[in-house]
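Below is one structure, written out as structure tokens; comments come after it.
2 protein chains.
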Amino acid sequence: METCFTQNNNGRRSKMGWGDLGVNGEPSRETPNIDKMATEGILFPDFYSANPLCSPSRAALLTGRLPIRNGFYTTNAHARNAYTPQEIVGGIPDSELLLPELLKKAGYMNKIIGKWHLGHRDQFHPLKHGFDEWFGSPNCHFGPYDNKNRPNIPVYNNSEMVGRYFEEFQIDLKTGESNLTRIYLEEALDFIRRQKASQKKFFLYWAVDAVHAPVYASKPFLGTSKRGRYGDAVRELDFSVGEILKELHNLGIAENTLVFFSSDNGAALISAPTQGGSNGPFLCGKQTTFEGGMREPAVAWWPGSITGGQVSYQLGSLMDLFTTTLSLAGQHPPDDRIIDGIDLSPILLQGKVIDRPIFYYRGNEMMAVRLGMYKAHYWTWTGSWAELKQGINFCPGQNISGVTTHDQREHTLQPLLFHLGRDPGEKYPINVPSAEYQEVMPRIISAVKQHKKEMVAGEPQLNVCDLAVMNWAPPGCKKLGKCLTPPQSKPWKCDWPH
Amino acid sequence: METCFTQNNNGRRSKMGWGDLGVNGEPSRETPNIDKMATEGILFPDFYSANPLCSPSRAALLTGRLPIRNGFYTTNAHARNAYTPQEIVGGIPDSELLLPELLKKAGYMNKIIGKWHLGHRDQFHPLKHGFDEWFGSPNCHFGPYDNKNRPNIPVYNNSEMVGRYFEEFQIDLKTGESNLTRIYLEEALDFIRRQKASQKKFFLYWAVDAVHAPVYASKPFLGTSKRGRYGDAVRELDFSVGEILKELHNLGIAENTLVFFSSDNGAALISAPTQGGSNGPFLCGKQTTFEGGMREPAVAWWPGSITGGQVSYQLGSLMDLFTTTLSLAGQHPPDDRIIDGIDLSPILLQGKVIDRPIFYYRGNEMMAVRLGMYKAHYWTWTGSWAELKQGINFCPGQNISGVTTHDQREHTLQPLLFHLGRDPGEKYPINVPSAEYQEVMPRIISAVKQHKKEMVAGEPQLNVCDLAVMNWAPPGCKKLGKCLTPPQSKPWKCDWPH
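Below, the structure is given as structure tokens:
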């Protein structure tokens, strides 16, 4: 069984949201290929990321473990979103076992295309953690920088850089033009063809970032969407997914390949409307633990094995892809640590549904939990008043009294309870004295108690920053004459404002 | 060509919204039959009602004309939503030509099942305006009343009442149980079978009201939805649509029958979450001229003539069904008056798109206009501060500064402009000094100027109220011993608060 994860990217400023798929109700309906993928496979309306932010979400995907376990969080302040900008010192610890490392033992060839985001220093690179190939960047495609105070982000081909964004790899911030998605598509098709030719099993993690601000698309797609530049990027992404599926068919390996499409966090409403997507009917967006921050578009496709036209109400998580992939590859997940992802193969292959909770973390705090149709918020916070006053708003146009709080509000003694079936927008907390609240909360409290009892937090990786660790002199820079001189090391405690 | 309009109901308190269809992204995806209808036909994501309220919307559907032309509006106060409660004196004027009157000339048998809502006094009844048969009620299924201060609403079979709600036709407000949708379904199937047997062309207007508060469903559907009682009602409605389509196939007339599914206004968010639906990503709901108030679910189905799997970006209106149906029946719309509906047959049959504006009225005021992807608000108003303080909120949880205004705010000199493609939620007004605003507004201003120049307002029908005109002694009451004594006539100017 081959595997492709097609995943679109994130950072602070943008992200493909649940509501961006035509099949999930985006009014312009500009994702015909992914919509078709859904009609040929399983659509998961209740699928979650493990975190409302990029790096932690990706670390969870590849380890099958919550960020608080695998170290992708901060303890510098309470309940803060942290990720891996250039100045971050940490990255994925060697002690974590990543999906490609485990698949390698089963004879898989593993490639990541696009944004890695699990640490940009040498020891954290994909090829040190089980991937055989890499084409892409370690960090977000922000810039251009001056290469004095801050270097431009390198693009790697395997273990060496082949250029930098805004230098060898252009993104025209004014027009939005960039060929990156096309390059990433060609990389994907080439990799798949090579594995087919050499009859190797493969795992492809196609982690493109066109829908992350600054959003971009190649010339044939620019100006073609009814939704503006963000829509152009979505259209190219959708086109590319279609090309990948078509190639799998052409090569005669579609029936041996599981393809899963999802996203690493909710649409970044702060970048809307020109650079941000849609979370459909859900509350708020990226950075928050409301549904808009973590409910993801999700489609599983595997002709021959998965019956088409299904909708699964399974509560799913990106972390499940770790466990499910191992299971389908005949491997067991490591038994020396807690794995949060569950094996979805009974859902994919037999239409079953497994009861399980979903935990919503922001940094070091469990903010909320979902059990069945109910979601209980133990803490609420959209972002700080100070940031709101500067125009940084993760819930633009939405204001639900006592819910979208601008201070960190604790509800641990009496969680805010919502029924996500009749109230997907988290607008109507269930009355505490009601029979429903009294019946449901004990079950949730019990699940939380069990979860906290078993929680052993990992060493936080996102606490320390240092300008010296930025991408000054990545491997391969000498050959290209692109090495820069790092400043002296002066580590500091990173500041995570929200 | 036969025609069915399946339409779900409204009133002040509830309504099936754009976002309630699975195919439009309702997360619980509980409309498999309508979703299938869409995959076999055309889905219209950009389809509008002619008004954000029930009676005017239905009057527009059946006359092809805006409520301000056909009289279904009030001049008692500026920009007010008015409809036809029991105390209303007015109704559809004889001077208006209704779709069934015109189809009758082409040999059609016409039936309305469900809520009529174009006036409950004798002269306004469906059988006086072209329908051959009627089963249903003239007003909303509110109650129960005491039959002293206010009579219960009668249910008619053709020209005579056969009982009253909460008396012969039960709606259990506590459990939500009622057999009305089942009865309406059986009425529909019976009518269709009879027309087939007698080889008559037919027009069926299936105007059921289960999703209007108080929402109801029959026993087999109660408690079956993930979305609560509102979802139960949607599920029964969806089931019934499936049964109607199935019967058309069984009778061998599916290929001769155009079926159009839509709704008469947006979901009533004021009734959410237990009695109200979803407007997906759109702003506000019923009663407002934001997208959530007037953007409707819309599906056209006609096996053999309409190619399945289409999405049409045509800006459509319920009023178009008037003109389109006449066109397909080989009839011309009346040429002695302005008809707002356009002929959609080139869209249905040839996949064309026709450029046309959409006007958003609230009572006697043109509040907004859409042209292409742009919408300009000339006036904004969600509802009054006074009502908001009483908890009457048509935009719960949504608050967009300068847009969701609680006073009637005039923008006629500088309309608020939105791009509905990249900003379907009407959150980000386009800057007035921008080139985009300066380029777009002249075209909109020109369309509005033309529209206003040609506007001849009809005699307002919704100005006068009188307790004496309520359903005290409807035709047929004597036979049933159900006549009540009306009070003395004391007309007053109806008060429309929002």
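As given, the protein sequences belong to chains A and B, one line each in that order. Using the working numbering, the first residue of the first sequence is number 22, and each one after it goes up by one. Using the working numbering, the first residue of the second sequence is number 22, and each one after it goes up by one. Glycine included, every Cβ here is placed at the ideal spot set by N, Cα and C.
So for residue i, helix, strand or coil by DSSP?
i: Lys247/B; result: coil
i: Trp137/A; result: coil
i: Lys396/B; result: strand
i: Arg358/A; result: coil
i: Val490/A; result: helix
i: Tyr237/B; result: coil
i: Gly446/B; result: coil
i: Glu225/A; result: Position check: residue 225/A holds Leu in this sequence, whereas Glu was assumed. Three-state result, Leu225/A: strand.
i: Lys511/A; result: coil
i: Ser348/B; result: helix
i: Trp39/A; result: helix
i: Lys373/A; result: coil
i: Val110/A; result: coil
i: Lys132/A; result: strand
i: Glu117/A; result: coil
i: Ser338/B; result: strand
i: Lys453/B; result: One point to set straight first is that residue 453/B is Val, not Lys, in the sequence displayed. Val453/B falls in the coil class under three-state DSSP.
i: Phe343/A; result: helix
i: Phe545/A; result: Chain A is shown from 22 up to 519; residue 545/A falls before or after that span and cannot be answered.
Measure from the alpha carbon of residue i to the alpha carbon of each residue in the options, then state which is nearest.
i: Ser246/A; options: Thr295/A, Val461/A and Pro518/A; result: Thr295/A
i: Thr96/B; options: His398/B, Gly384/B, Tyr449/B and Glu268/B; result: Gly384/B
i: Met37/B; options: Gly362/B, Ser299/B and Asn131/B; result: Ser299/B
i: Leu365/B; options: Met387/B, Asp341/B and Pro378/B; result: Asp341/B
i: Arg86/A; options: Cys486/A, Asp356/A, Trp517/A and Val424/A; result: Asp356/A
i: Ile466/B; options: Pro378/B, Gly372/B and Asn168/B; result: Pro378/B
i: Phe65/A; options: Leu336/A, Gly446/A, Glu480/A and Gly479/A; result: Leu336/A
i: Phe163/A; options: Asp153/A, Pro175/A and Lys169/A; result: Pro175/A
i: Ile265/B; options: Ser455/B, Val236/B and Asp211/B; result: Asp211/B
i: Pro481/B; options: Gly92/B, Asn131/B and Gly40/B; result: Gly92/B
i: Ile89/A; options: Tyr381/A, Lys373/A, Pro318/A and Asn200/A; result: Tyr381/A
i: Asp487/A; options: Cys504/A, Gln509/A and Pro496/A; result: Gln509/A
i: Ala98/A; options: Val280/A, Asn484/A, Met130/A and Ala209/A; result: Asn484/A
i: Asp530/B; options: Gly46/B, Met476/B, Leu243/B and Ala100/B; result: There is no way to answer for residue 530/B, as the model of chain B reaches only from 22 to 519.
i: Asp167/A; options: Lys500/A, Gly497/A and Met491/A; result: Met491/A
i: Leu369/A; options: Ile204/A, Gly418/A, Glu447/A and Val280/A; result: Val280/A
i: Arg142/A; options: Thr60/A, Ala494/A and Thr202/A; result: Ala494/A
i: Thr504/B; options: Met58/B, Arg171/B, Gly325/B and Lys132/B; result: Residue identity differs from the one stated: residue 504/B is Cys in this sequence, not Thr. With distances taken between Cα atoms, Cys504/B lies closest to Arg171/B.
i: Trp402/A; options: Ala100/A, Gly446/A and Arg79/A; result: Ala100/A
i: Pro450/B; options: Pro159/B, Tyr395/B and Gly404/B; result: Tyr395/B
When we look at the beta-carbon of residue i and count the other beta-carbons within 10 Å, is it buried (16 or more) or exposed?
i: Ala71/A; result: buried
i: Thr278/B; result: buried
i: Trp406/B; result: exposed
i: Pro454/B; result: exposed
i: Ile55/A; result: buried
i: Ala489/A; result: exposed
i: Trp137/A; result: buried
i: Trp513/A; result: exposed
i: Gln419/B; result: buried
i: Asp259/A; result: buried
i: Glu257/B; result: buried
For residue i, is the beta carbon positioned less than 8 Å from some heavy atom of the ligand SAH?
i: Leu336/A; result: Among the components of this structure there are no ligands whatsoever, and the ligand SAH is therefore not found.
Exercise for the section: Go through the stretch 258-336 of chain B residue by residue and report every complete run of the alpha helix (DSSP H) that reaches 4 residues or more, in order. Expected result: 312-315
Handout entry: Runs of alpha helix (DSSP H) lying entirely within the stretch 380-438 of chain A, each at least 4 residues, in chain order
Key = 406-410
Handout entry: Runs of alpha helix (DSSP H) wholly within the stretch 44-103 of chain A (minimum 4 residues, chain order)
Key = 53-60, 75-84 and 88-91
Handout entry: Chain-ordered residues of the stretch 247-260 of chain B with a beta carbon less than 9 Å from chain A
Key = Lys247, Arg248, Gly249, Arg250, Tyr251 and Gly252
Problem - Within 7 Å of chain B by C-beta, residues of the stretch 409-432 of chain A in sequence order - result: Pro417, Gly418, Gln419, Asn420 and Ile421
Exercise for the section: Quick one: which residues of the stretch 46-65 of chain A get their C-beta closer than 7 Å to a C-beta of chain B? List them in chain order. Expected result: Gly46, Pro48, Ser49 and Arg50
Problem - Proximal residues, the stretch 446-468 of chain B versus chain A, C-beta separation under 7 Å - result: Gly446, Lys448 and Tyr449
Handout entry: Uninterrupted beta strand (DSSP E) stretches inside the stretch 138-195 of chain A (no shorter than 3 residues)
Key = 154-157, 175-178 and 181-185
Exercise for the section: Could you list the residues in the stretch 318-345 of chain B with a C-beta less than 8 Å from some C-beta on chain A, going in chain order? Expected result: Val332 and Tyr334
Exercise for the section: With 9 Å as the limit, tell me which residues of the stretch 115-131 of chain B have their beta carbon closer than that to any beta carbon of chain A; keep them in chain order. Expected result: none
Exercise for the section: Using a Cβ-Cβ cut-off of less than 9 Å, give me the residues of the stretch 381-412 of chain A that come near chain B, in sequence order. Expected result: Met394
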